[in-house]
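Q: Dropping a structure here in structure tokens format, bear with me for questions.
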Amino acid sequence: RARKLRVGYFAQHQMDVLHADETPIEHLRRERPDESPARLRARLSGFGLMAEQAETLVGRLSGGQKARLTLLLATLDAPHLLILDEPTNHLDMESREALVEALTAYTGAVILVSHDMHLLSLVADRLWLVSGGRVSEYKEDLEAYRRLLLQSDEGDKKAKARAEKRKRPSRDTLLALKAELRKAEERLQKLGEMRDKLATRLADPALYEEGKTGEMEVWQKKYAEVMDAVDRAEDLWLKAQEKLEKAEG
245 RARKLRVGYF AQHQMDVLHA DETPIEHLRR ERPDESPARL RARLSGFGLM AEQAETLVGR
305 LSGGQKARLT LLLATLDAPH LLILDEPTNH LDMESREALV EALTAYTGAV ILVSHDMHLL
365 SLVADRLWLV SGGRVSEYKE DLEAYRRLLL QSDEGDKKAK ARAEKRKRPS RDTLLALKAE
425 LRKAEERLQK LGEMRDKLAT RLADPALYEE GKTGEMEVWQ KKYAEVMDAV DRAEDLWLKA
485 QEKLEKAEG
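Per my numbering, residue 245 is the first one in the sequence shown, and the count goes up by one each step.
As structure tokens, this is what we get:
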């Protein structure tokens with residue numbers, strides 16, 4: 245390892261070493277004692293941790309919020325190599341998409357250990373298979389790997405037999421479920437666009453200057469309302485997705 249090589253590490257268990265009795269901004273202040281409060285808040289806002297979460301004890305944050313804080317701390321020094329171990333385990337759908345965007349824009353090298361096929365398909369350009377105590381380069385794509393998993397499943401034939409016996413829903417039922425899912429996706433997309441615009445505004449350090457407390461609180465309230473709506477819309481999307489998957493067998 246080169247002496248000047250900076251390595252960042254993100255793993256699901258790292259959230260356990262966060263200080264539960266400290267706030268996110270206190271975590272950042274310890275790492276960046278010379279930075280202004282406005283700059284620290286802007287960093288947190290860039291990872292979806294607004295003013296309210298910035299001053300909330302880590303022990304009271306959600307799993308997704310803790311994961312965002314951990315990822316922020318891991319990338320604070322702009323490491324040349326970023327190692328991620330199952331990074332999406334505690335993230336909601338919106339946070340996963342934000343992680344995909346961050347990794348896509350990341351200029352350093354990334355080693356990603358994950359079972360998240362969606363994440364791998366979007367960010368990985370080389371695949372390595374860990375199996376039987378060995379690591380080897382996997383020459384095929386993820387779709388070929390899915391087929392490999394299916395072929396190795398001893399209970400696959402029994403599952404297919406049970407699926408054939410199961411009564412399939414009518415065409416009208418499937419169309420209705422697909423329409424419900426499409427509506428939920430459109431709602432979630434619109435809310436996501438609103439959230440991104442508000443997050444960009446809240447990430448501006450100028451908003452946290454003295455004398456702008458009232459304006460800052462208005463934007464934070466709007467952001468909180470949109471985030472609540474996103475949570476509800478995401479729940480509806482997940483339910484619609486589950487209903488359609490169950491109907492299609």
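Beta carbons: idealized from backbone N, C-alpha and C, even for Gly.
Excluding the 5 residues preceding and the 5 following Glu424 in the sequence, name in chain order all residues of the same chain whose CB lies nearer than 6 Å to its CB.
A: For the purposes of this step, residue 424 is taken as residue 180 along the sequence shown, with counting starting at 1. Closer than 6 Å at Cβ, skipping near neighbours: Ala484.
Q: Identify, in the order they occur along the chain, each residue of the same chain with its Cβ nearer than 6 Å to the Cβ of Thr319, setting aside the five sequence neighbours on each side.
A: Counting from 1 along the sequence shown, the entry for residue 319 is found at position 75. Cβ within range, chain order: Gly252.
Q: What residue does the beta strand (DSSP E) around Leu373 start on, and which one ends it?
A: Sequence index remark: in the sequence shown, residue 373 carries index 129 (1-based). Its beta strand (DSSP E) spans residues 371-375.
Q: With distances taken Cα to Cα, identify the nearest neighbour of Ile327 among Glu384, Gln258, Arg287.
A: Taking the sequence shown and counting its residues from 1, the one referred to as residue 327 is at position 83. Nearest C-alpha to Ile327: Gln258.
Q: Helix, strand or coil: which one does DSSP assign to Arg250?
A: Working through the sequence shown from its first residue, we reach residue 250 at position 6. In the structure shown, Arg250 sits in coil (DSSP, three-state: anything other than H, G, I, E or B).
Q: Are there 16 or more other CB atoms within 10 angstroms of the CB of Trp481, so buried, or fewer, so exposed?
A: By 1-based counting over the sequence shown, the position of residue 481 is 237. Flag for Trp481 reads buried.
Q: With distances taken from CA atoms, which of Gly352, Tyr350, Gly376, Leu386 is nearest Ser358?
A: Along the sequence shown, read from residue 1 onward, the residue named residue 358 stands at position 114. Ser358 has its Cα closest to that of Leu386, out of Gly352, Tyr350, Gly376, Leu386.
Q: For the ligand ATP, any of its heavy atoms closer than 7 Å to the Cβ of Asp475?
A: Absence of the ligand ATP from the depicted structure is noted, as is the absence of any ligand whatsoever, leaving it without description.
Q: Going by beta carbon distance, what residues of the same chain come within less than 6 Å of Ala428, once the five residues before and after it are set aside?
A: The count along the sequence shown starts at 1 and reaches residue 428 at position 184. Leu480, Trp481, Ala484, listed in sequence order.
Q: Nearest-angstrom Cα distance between Arg391 and Lys466?
A: The residue you call residue 391 lines up with position 147 of the sequence shown. The residue you call residue 466 lines up with position 222 of the sequence shown. Computed Cα separation, rounded: 46 Å.
Q: For Gly376 and Glu454, what's the separation of their Cα atoms in angstroms?
A: Taking the first residue of the sequence shown as position 1, residue 376 is located at position 132. Taking the first residue of the sequence shown as position 1, residue 454 is located at position 210. Approximately 59 Å, taken between the alpha carbons.
Q: Please report how far the alpha carbon of Lys383 lies from the alpha carbon of Tyr389, in whole angstroms.
A: Locating residue 383 in the sequence shown gives position 139, where the first residue counts as 1. Locating residue 389 in the sequence shown gives position 145, where the first residue counts as 1. Computed Cα separation, rounded: 10 Å.
Q: What residue range does the beta strand (DSSP E) around Arg378 cover?
A: Your numbering for residue 378 matches position 134 in the sequence shown. Its beta strand (DSSP E) spans residues 378-382.
Q: Run through DSSP, which three-state label would Ala484 get?
A: Position 240 of the sequence shown holds residue 484. The three-state reading of DSSP puts Ala484 in helix, counting H, G and I together.
Q: Assuming Arg283 and Pro449 are in contact, meaning their beta carbons sit under 8 Å apart, how far apart are those beta carbons, in whole angstroms?
A: Your numbering for residue 283 matches position 39 in the sequence shown. Your numbering for residue 449 matches position 205 in the sequence shown. Yes, Arg283 and Pro449 are in contact; Cβ-Cβ is about 6 Å, under 8 Å.
Q: Pull up the distance between the alpha-carbon of Arg274 and that of Asp440, whole angstroms please.
A: The residue given as residue 274 occupies position 30 in the sequence shown. The residue given as residue 440 occupies position 196 in the sequence shown. Each residue's alpha carbon lies about 28 Å from the other.
Q: Quick one: complete beta strand (DSSP E) runs, 3+ long, within the region 336-369?
A: Counting only runs that start and end inside the region 336-369, the beta strand (DSSP E) elements of at least 3 residues fall at 353-357.
Q: Just verifying my parser: in three-state terms, what is the DSSP assignment at Leu301?
A: By 1-based counting over the sequence shown, the position of residue 301 is 57. Coil.
Q: With a threshold of 6 Å on Cβ separation, who are the neighbours of Leu421 within its own chain once the five nearest residues in sequence on each side are excluded?
A: Position 177 of the sequence shown, counted from the start, is the residue given in the question as residue 421. These residues qualify, in order along the chain: Lys487, Leu488, Ala491.
Q: May I ask you to verify whether the region 307-318 touches the region 261-269, counting CB pairs closer than 8 Å and requiring at least 3?
A: yes
Q: Rounded to the nearest angstrom, what separates Arg287 and Ala447 at their Cα positions?
A: Along the sequence shown, one-based indexing puts residue 287 at 43. Along the sequence shown, one-based indexing puts residue 447 at 203. When rounded, the distance between both Cα atoms is 7 Å.
Q: Can you tell which of Asp360, Ala473, Glu461 has the C-alpha that lies nearest to the C-alpha of Glu296?
A: Position 52 of the sequence shown holds residue 296. The shortest C-alpha separation from Glu296 is found at Glu461.
Q: Could you work out which residue in Thr417, Phe291, Met471 is closest to Gln433 when comparing CA atoms only?
A: Here residue 433 refers to the residue found at position 189 when the sequence shown is read from its first residue. Residue Met471 is the option with its Cα nearest to Gln433.
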